[in-house]
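A.B. asks: One structure, pasted below without further comment.
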Amino acid sequence: MSAPHTSLTGTGTLLRFALRRDRLRLPIWVAAGALLVATQSVSSQALYDSPADLAAYEASVGSNAATIALAGPPVGLDTVAGAVAFEISAFVVLVAALMAVFTTSRHSRADEEAGRTELVRATRVGRHAPLLAAVLTAAIACVATAVAIGAAATATGLPAGGSFLLGASVGAAGLVFTALTAVVAQVTGSTRATHGIVGAGLAVAFVLRAVGDVEGNRLVWTSPIGWAQATHPYSDDRWWPLLLCLAATAALTGLAVALLDRRDLGAGLVAPRPGPPAAARALLSPLGLALRLQRGALAGWTIGLVLLGLVYGGLAESVETLFADNPEARAFLPDAASLVDAYLATTSATTALLAAAYAVSAVLRARGEEAAGRAEPLLAAAVSRPAWLGSHATVALLGSAVVLLASGATTAAVRAAATGDGAEFGRLLAATAAYVPAVWVVAGVALALFGLLPRAATATAWAAVAYVAVTTLFAESFDWPAWVDDLSPLAWTPTVPVEEWQAAPLAVLIAVAAGLLALGLGGFRRRDLLTG
Amino acid sequence: MDTTISVSGLVKTFGATRALDGLDLEVRSGEVHGFLGPNGAGKSTTIRVLLGLLRADAGTVRLFDGDPWADAVALHRRLAYVPGDVTLWPGITGGEAIDLLGRLQGGLDPARRAALLERFDLDPRKRARTYSKGNRQKVALVAALASDAELYVLDEPTSGLDPLMEALFQDEVRRLRSEGRTVLLSSHILAEAEALCDRVSIIRHGRTVQSGSLSELRHLTRTSVAVETVRPVTGLAGLPGVHDLRSDEGRVRFDVDSDALDAVVRRLSGFGIRSLTSAPPTLEELFLRHYGQEPVEDRLVRTPEEVRS
Chain F
1 MSAPHTSLTG TGTLLRFALR RDRLRLPIWV AAGALLVATQ SVSSQALYDS
51 PADLAAYEAS VGSNAATIAL AGPPVGLDTV AGAVAFEISA FVVLVAALMA
101 VFTTSRHSRA DEEAGRTELV RATRVGRHAP LLAAVLTAAI ACVATAVAIG
151 AAATATGLPA GGSFLLGASV GAAGLVFTAL TAVVAQVTGS TRATHGIVGA
201 GLAVAFVLRA VGDVEGNRLV WTSPIGWAQA THPYSDDRWW PLLLCLAATA
251 ALTGLAVALL DRRDLGAGLV APRPGPPAAA RALLSPLGLA LRLQRGALAG
301 WTIGLVLLGL VYGGLAESVE TLFADNPEAR AFLPDAASLV DAYLATTSAT
351 TALLAAAYAV SAVLRARGEE AAGRAEPLLA AAVSRPAWLG SHATVALLGS
401 AVVLLASGAT TAAVRAAATG DGAEFGRLLA ATAAYVPAVW VVAGVALALF
451 GLLPRAATAT AWAAVAYVAV TTLFAESFDW PAWVDDLSPL AWTPTVPVEE
501 WQAAPLAVLI AVAAGLLALG LGGFRRRDLL TG
Chain E
1 MDTTISVSGL VKTFGATRAL DGLDLEVRSG EVHGFLGPNG AGKSTTIRVL
51 LGLLRADAGT VRLFDGDPWA DAVALHRRLA YVPGDVTLWP GITGGEAIDL
101 LGRLQGGLDP ARRAALLERF DLDPRKRART YSKGNRQKVA LVAALASDAE
151 LYVLDEPTSG LDPLMEALFQ DEVRRLRSEG RTVLLSSHIL AEAEALCDRV
201 SIIRHGRTVQ SGSLSELRHL TRTSVAVETV RPVTGLAGLP GVHDLRSDEG
251 RVRFDVDSDA LDAVVRRLSG FGIRSLTSAP PTLEELFLRH YGQEPVEDRL
301 VRTPEEVRS
């Protein structure tokens, strides 16, 4: 035997193989992060080109709780570079975190679940090698994102030191979520559960940071996103908070390896329990099965968005407080009541975005079932194509409405209680309800893609969600032509409570969603079933 | 005679790959029909066209006098299907999957479901993610065999089953046949087809190369024999049905037609047999021997009149 074999033998080979498998995915993720920063940099420099513009901007966002909750700590806003970091850092951190989660789970738990790890581990490969290769793959992607963001910001004219600190903070947050995914992938036996748990962790980290930033308290230090943003690029330029990220990454990776040593290949730490020997009546239909398959995700999203609604409702208080504390803001902003309304309109839109993401994930579940060969036995029984796809479409459409309305009702209830005005509940619930048709249009796009372009459906449907997200969140801060924004169904929704309810655009959106649904059902009827 | 499945000139392409290239298949009502071919010959593709999961590019396909693409749901009420590669829902138990599939196929016989679970030794409380390949196969088999169908479409149903289960499976297919059901059994194991089928169709490269009853096919089956004897064997070459005779240092190897086996073994016993191994030919060997590397067109045994009857 030539070289000694350790538990790490083969890591290098597996790492190269993983990078080869992801040679297209990772560059897209990295480019997406860099592109967001570059666009923000160019747009902000165009928008705030005079000191007066910048001062107005600083006064308005410095007292806007909605913006702070979404973006981060309002520091360094006296320079355009600081404004860029404030506007974009939270979103690129989310992009990097999602990249890290999906990359790590894809090369660890997903491979193991599919039986590929067994094949690999039967060769001259050490026990820890597949997991470490997965972590390293995601880590390389995080470092690449850091460098790309630094380069993009510098190239668009921002100071190099702050630019690379901004990039490094984004990459460091990605590293923490890489290691967190590695841990969760050891605990649960399924990729789906891994994504659910880490997704919940990401949401909690975001909310802790949002509350901490709005309230201006120490809660931000409980969140890895808070650590990343505590670097204050372009103003304080602090590198030391990144040590927290690195320490957490190292500790979590060590924990993942320790857990890996305590479980069997293919299993999680939690042993599966025996289930019912016969099916309940409710399961015995395509819709019953679709509900059963999707109930976990639906419950998770509902709970998550209800909690978010709770936080959004609670933070509305701070909108008024911040406004009262900031006399300069009154020169640029309307009165406190309409400021609260503007804040609530913004939170409705972000909730709608999340509901649209849920709707697309629910529609794409149908594609996952088809590709895995699990649609075949049903369609070979007496189940028609429209009935099968319709079952998943029903879950997606009704489920997204449930998720959205549950969140909106929570915010509305919190506000009604805080103001002591019962009428607030109906008024604010209407604000979220107005987004249901737009969310259905996004779901309809995914359904049409499923029917017409099944192999590309997953990638293009998520690209559509990303498009809607970017246009909704950056419509004002990116200097884009109006039609770019108008392509998003969310832009057609009246922003109640700031605007009046209008039935006409909502009716049009519902008609468009119905047309897209028909396209999806029709396309699926005419095409081959595509397995694999 | 009634025909349950009738396929002629079926073509299906996937991009540049021509998976089915003018395939013919006729399955008569009440027969167990073997659908044989090496891996990748197009068996599963044909079955998916028959089930309306894939759309034919050319040719005619009739299932119970219906069009499998247009009338899929109505036709599926009359059949039960076991896929070649059974994938189940990871979080759903075997028992739940059986009930779901059975219900969607048109209803299960609860007594038969219980008896089959018992016979196949399958725990219905386990979640599908923890089942082995063989156990997933059993779930699909129990769901199909416990349902009351006119046609059973079984795509390599015994891959992953152990020999005991294989024997149980063969009993079940004989039961279906005695009840007058029609069975389309795809396989690449010739012995399984020999044990069960009334007629077989053999396909290769997406075309039918042989179709007929087992006795018509009998000439295709040869057994490979290797024998070691006390005295050197003589006179074997002169016996009918012996092919490819080779001998080295007291060992003799040859292939023999199945119907000539008896005479050959009687001849061998006169020389003092020390050891004897015999192996039925695999389908792959059969193809190699009968069709070699020559273009399939030259060897096609097509009987369109019979196929379209």
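Taken in order, these protein sequences are the chains called F and E. Be aware that the first sequence starts at 1, since it is given in full-length UniProt numbering, and climbs by one per residue. Be aware that the second sequence starts at 1, since it is given in full-length UniProt numbering, and climbs by one per residue. In this text, a Cβ means the ideal position worked out from N, Cα and C, and glycines have one as well.
1. Taking the C-alpha atoms as reference points, what is the distance between residue 296 of chain E and residue 22 of chain E?
2. Can you list, in chain order, the residues of its chain whose CB lies under 6 Å from that of residue 301 of chain E, leaving out five sequence neighbours each side?
3. Do residue 255 of chain E and residue 244 of chain E have their C-beta atoms within less than 8 Å of each other?
4. Compare the C-alpha of residue 465 of chain F against each of F/120, F/30, F/20, F/489 and name the closest.
5. Only counting the same chain, and skipping five residues up and downstream in sequence, which positions put a Cβ closer than 6 Å to that of residue 361 of chain F?
6. Would residue 506 of chain F and residue 434 of chain F be called neighbours here (beta carbons separated by less than 8 Å)?
7. What whole-angstrom Cβ distance do residue 31 of chain E and residue 234 of chain E have, given they're in contact under 8 Å?
8. Under 8 Å, with one C-beta from each stretch per pair, do the region 278 to 292 of chain F and the region 199 to 207 of chain F reach the 3-pair mark?
9. Look up residue 206 of chain E in the DSSP assignment and say whether it is helix, strand or coil.
10. Could you tell me whether any Cβ in chain E is nearer than 8 Å to the Cβ of residue 528 of chain F?
11. With DSSP as the reference, please indicate the residues paired to residue 151 of chain E in a beta bridge.
12. For residue 88 of chain F, does the three-state DSSP call read helix, strand or coil?
13. Any beta carbon from chain F within less than 8 Å of residue 85 of chain E's own beta carbon?
14. Entirely within the region 422 to 486 of chain F and at least 4 residues each: give me those alpha helix (DSSP H) ranges in chain order.
15. Is the shortest distance between the beta-carbon of residue 137 of chain E and the beta-carbons of chain F less than 8 Å?
16. When you compare each of F/523, F/425, F/130 to residue 112 of chain F by their alpha carbons, which one comes out closest?
17. Candidates F/224, F/135, F/5: which alpha carbon is nearest residue 244 of chain F's?
18. Flag this pair as touching only if the region 516 to 532 of chain F and the region 370 to 389 of chain F have three or more C-beta atom pairs under 8 Å; answer yes or no.
19. For the region 186 to 207 of chain F, which residues have a CB atom closer than 9 Å to at least one CB atom of chain E, in sequence order?
20. Short of 9 Å Cβ to Cβ, which residues in the region 61 to 76 of chain E face chain F?
21. Can you pull the chain E residues whose beta carbon is under 9 Å from the beta carbon of residue 274 of chain F, in chain order?
22. Here's the rule I'm using: 16 or more other beta-carbon atoms within 10 Å means buried, otherwise exposed. How should residue 304 of chain E be labelled?
23. Inspect the beta-carbon positions of residue 200 of chain E and residue 193 of chain E and report whether they are closer than 8 Å.
24. Between F/138, F/508, F/442, which has its C-alpha nearest residue 520 of chain F's C-alpha?
25. Taking only runs that begin and end inside the region 300 to 378 of chain F, name each unbroken alpha helix (DSSP H) of 4 or more residues, in chain order.
26. Taking the beta strand (DSSP E) that residue 277 of chain E belongs to, which residues open and close that run?
27. Between residue 500 of chain F and chain E, is there a C-beta pair that is closer than 8 Å?
28. What ranges does the alpha helix (DSSP H) occupy inside the region 101 to 173 of chain E, keeping only unbroken runs of at least 4 residues that lie completely in it?
29. Give me the Cβ distance between residue 481 of chain F and residue 530 of chain F, rounded to the nearest whole Å; I'm assuming they're in contact under 8 Å.
30. Name the residues in the region 93 to 115 of chain E whose C-beta lies less than 7 Å from a C-beta of chain F; which are they?
31. For chain E, find out if any of its Cβ atoms is closer than 8 Å to the Cβ of residue 112 of chain F; answer yes or no.
32. Output the distance between the C-alpha atoms of residue 406 of chain F and residue 140 of chain F, rounded to the nearest integer angstrom.
33. Closest by CA to residue 63 of chain E, which one among E/225, E/276, E/152, E/279?
34. Are the beta-carbon atoms belonging to residue 184 of chain E and residue 173 of chain E less than 8 Å from one another?
35. Look up residue 299 of chain E in the DSSP assignment and say whether it is helix, strand or coil.
36. Spell out the partners DSSP gives residue 254 of chain E in its beta bridges.
C.D. replies: Checking against the coordinates, here is how it stands:
1. Your numbering for residue 296 of chain E matches position 296 in the second sequence. Your numbering for residue 22 of chain E matches position 22 in the second sequence. With a pLDDT of only 42 at residue 296 of chain E, under 50, the local geometry of the prediction cannot be trusted, and the value read off the model is given with reservation. Rounded to the nearest whole angstrom, the C-alpha separation of residue 296 of chain E and residue 22 of chain E is 12 Å.
2. Start at 1 with the first residue of the second sequence, and residue 301 of chain E comes out as number 301. Here the model assigns residue 301 of chain E a pLDDT of 40, short of 50, so the residue's position is not dependable and the matter cannot be decided.
3. Within the second sequence, residue 255 of chain E is the residue found at index 255, counting from 1. Within the second sequence, residue 244 of chain E is the residue found at index 244, counting from 1. Their beta carbons are under 8 Å apart, which means residue 255 of chain E touches residue 244 of chain E by this criterion.
4. Taking the first residue of the first sequence as position 1, residue 465 of chain F is located at position 465. Closest by alpha carbon: F/489.
5. Position 361 of the first sequence, counted from the first residue, corresponds to residue 361 of chain F. The answer is none, since no qualifying residue turns up.
6. Along the first sequence, read from residue 1 onward, the residue named residue 506 of chain F stands at position 506. Along the first sequence, read from residue 1 onward, the residue named residue 434 of chain F stands at position 434. Here residue 506 of chain F is near residue 434 of chain F, since their CB atoms are less than 8 Å apart.
7. Counting from one through the second sequence, the residue named residue 31 of chain E turns up at place 31. Counting from one through the second sequence, the residue named residue 234 of chain E turns up at place 234. In this structure residue 31 of chain E is not in contact with residue 234 of chain E, their Cβ atoms being roughly 45 Å apart against a cut-off of 8 Å.
8. No, they do not touch.
9. The residue given as residue 206 of chain E occupies position 206 in the second sequence. Correct three-state label for residue 206 of chain E: coil.
10. Counting from one through the first sequence, the residue named residue 528 of chain F turns up at place 528. At least one chain E Cβ lies under 8 Å of residue 528 of chain F.
11. In the second sequence, residue 151 of chain E corresponds to position 151, counting from 1. In the DSSP output, where bridge partners are listed per residue, residue 151 of chain E has E/79, E/182.
12. Working through the first sequence from its first residue, we reach residue 88 of chain F at position 88. Residue state, collapsed to three classes: helix.
13. For this step, residue 85 of chain E is matched to residue 85 along the second sequence. For residue 85 of chain E, the answer is yes, since a Cβ of chain F falls inside 8 Å of its Cβ.
14. DSSP runs (the alpha helix (DSSP H)) wholly in the region 422 to 486 of chain F: 423 to 433, 436 to 452, 454 to 474, 482 to 486.
15. Translated into positions along the second sequence, residue 137 of chain E becomes position 137. The beta carbon of residue 137 of chain E does not come within 8 Å of any beta carbon belonging to chain F, so the residue lies off that interface.
16. Indexing the first sequence from 1 puts residue 112 of chain F at position 112. Looking from the CA of residue 112 of chain F, the closest CA among F/523, F/425, F/130 belongs to F/130.
17. Within the first sequence, residue 244 of chain F is the residue found at index 244, counting from 1. Checked all of F/224, F/135, F/5; the closest Cα to residue 244 of chain F is F/224.
18. Yes: at least three Cβ pairs fall under 8 Å.
19. Only those residues of the region 186 to 207 of chain F whose C-beta falls short of 9 Å from the nearest C-beta of chain E are listed: 189, 190, 192.
20. So the list reads 72, 73, 74, 75, 76, given in the order they occur along the chain.
21. Here residue 274 of chain F corresponds to residue number 274 of the first sequence, with the count starting at 1. 93, 123, 125, 126, 127, listed in chain order.
22. Here the question's residue 304 of chain E lines up with position 304 in the second sequence. Model confidence at residue 304 of chain E stands at a pLDDT of 37, short of 50, so the residue's coordinates are unreliable; what they give is reported in the following sentence. That one is exposed.
23. Within the second sequence, the letter at position 200 stands for residue 200 of chain E. Within the second sequence, the letter at position 193 stands for residue 193 of chain E. Yes, they are a contact pair.
24. Sequence index remark: in the first sequence, residue 520 of chain F carries index 520 (1-based). With distances taken between Cα atoms, residue 520 of chain F lies closest to F/442.
25. Qualifying alpha helix (DSSP H) stretches, in chain order: 336 to 371.
26. Indexing the second sequence from 1 puts residue 277 of chain E at position 277. Where residue 277 of chain E is concerned, the enclosing beta strand (DSSP E) stretches over 273 to 279.
27. If you number the first sequence from 1, residue 500 of chain F lands on position 500. Chain E, which has no Cβ nearer than 8 Å to the Cβ of residue 500 of chain F, makes this no.
28. Counting only runs of 4 or more, we get 110 to 120, 133 to 145.
29. Indexing the first sequence from 1 puts residue 481 of chain F at position 481. Indexing the first sequence from 1 puts residue 530 of chain F at position 530. Rounded, the Cβ-Cβ distance is 37 Å, inconsistent with contact.
30. Taking 7 Å as the Cβ-Cβ cut-off, the region 93 to 115 of chain E approaches chain F at 93, 95, 96, 99, 100, 101, 103, 104, 105, 106, given in chain order.
31. The residue given as residue 112 of chain F occupies position 112 in the first sequence. It does not; no Cβ of chain E falls within 8 Å.
32. Mapped onto the first sequence, residue 406 of chain F falls at position 406. Mapped onto the first sequence, residue 140 of chain F falls at position 140. Between residue 406 of chain F and residue 140 of chain F, the C-alpha separation is close to 39 Å.
33. Translated into positions along the second sequence, residue 63 of chain E becomes position 63. Ranked by Cα distance from residue 63 of chain E, the options E/225, E/276, E/152, E/279 are led by E/152.
34. Looking up residue 184 of chain E in the second sequence gives position 184. Looking up residue 173 of chain E in the second sequence gives position 173. 8 Å or more divides the Cβ of residue 184 of chain E from the Cβ of residue 173 of chain E.
35. The sequence position of residue 299 of chain E within the second sequence is 299, counting from 1. With a pLDDT of 38 at residue 299 of chain E, under the threshold of 50, the modelled position of this residue cannot be trusted; read the value that follows with caution. In this structure, residue 299 of chain E counts as helix in the three-state DSSP scheme.
36. Within the second sequence, residue 254 of chain E is the residue found at index 254, counting from 1. Answer by DSSP bridge pairing, in chain order: E/225.
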